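Student:
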Amino acid sequence: MENEISYAEAFEELQMIVSDMENGEISIDELSSKVRRASLLIKVCKEKISSTEEDVQQILKELDDKKNIETDY
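Quick note, this note's numbering runs 1050 ahead of the 1-based positions in the sequence shown.
1. Once the 5 residues before and after residue 1068 are set aside, which same chain residues still bring their CB inside 8 Å of it?
2. Quick one: is residue 1091 buried, meaning 16 or more other Cβ sit within 10 Å of its Cβ, or exposed?
3. How should residue 1106 be labelled, buried or exposed, when 16 other C-beta atoms within 10 angstroms of its C-beta is the threshold for buried?
4. Could you tell me the alpha carbon to alpha carbon distance between residue 1085 and residue 1059, rounded to whole angstroms?
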């Protein structure tokens, strides 16, 4: 998997593939590999979104826990 690619890079490449498909710029010979690549990019984006969401939830939980500890005193 290409976890080295950033979300922005993956999303930009995905947008280019979709645009090329919409404009008929992808030949039938390229279509399968482009769809496969798009699928991989979607997976990378979903994983990065999920990971970021988990990180944010953890940070919010830590802030809430700290707030509760401070109000106990």
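Yeah, the Cβ is synthetic: ideal placement off N, Cα and C, and Gly gets one too. Remember, it's a predicted structure, so these values are computed and weren't measured experimentally.
Tutor: The structure says:
1. In its chain, beyond the 5 residues on either side, 1088 have a beta carbon closer than 8 Å to the beta carbon of residue 1068.
2. When all chains shown are included, residue 1091 counts as buried.
3. exposed
4. 17 Å
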